[in-house]
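Everything on this sheet refers to the single structure shown next.
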Amino acid sequence: MGINTERDIEANLQIGPTDRGMVRLFIEADGVEIPMDFDPEEADEIAEEIRAAAQAARAVGQPRKK
Numbered sequence: 011m012g013i014n015t016e017r018d019i020e021a022n023l024q025i026g027p028t029d030r031g032m033v034r035l036f037i038e039a040d041g042v043e044i045p046m047d048f049d050p051e052e053a054d055e056i057a058e059e060i061r062a063a064a065q066a067a068r069a070v071g072q073p074r075k076k
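Quick note: the sequence shown uses our numbering, first residue 11, plus one each step.
Listed below in structure tokens is the structure:
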């Protein structure tokens, strides 16, 4: 199992602020609920990692520039 292993699982993802000043990622799949809370600084770091991964994903399969 790894980042490149595909799964046939549907999940819902919700992202939002909590009433305690945290950022929550809430994942629900097959009756399992996973709330993950992060302080705003951690959430910013995660957002940067997501942006970097999106940029890298765009480059996959793209012809290299000479």
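Cβ coordinates follow ideal geometry from the N, Cα and C atoms, glycine included.
{"Item": "Classify Val70: buried if its beta carbon has 16 or more other beta carbons within 10 angstroms, exposed otherwise.", "Value": "exposed"}
{"Item": "DSSP beta-bridge partners for Ala62?", "Value": "Note: Ala62 sits in no beta bridge, so no partner."}
{"Item": "Relative to the C-alpha of Glu43, which residue among Pro50, Ala21 and Gly26 is closest?", "Value": "Ala21"}
{"Item": "Report all residues from its chain with a CB closer than 8 Å to the CB of Pro27; omit the five preceding and five following residues, and keep chain order.", "Value": "Val33 and Arg34"}
{"Item": "Quick check: the Cα distance between Gly12 and Arg30, rounded to an integer number of angstroms?", "Value": "33 Å"}
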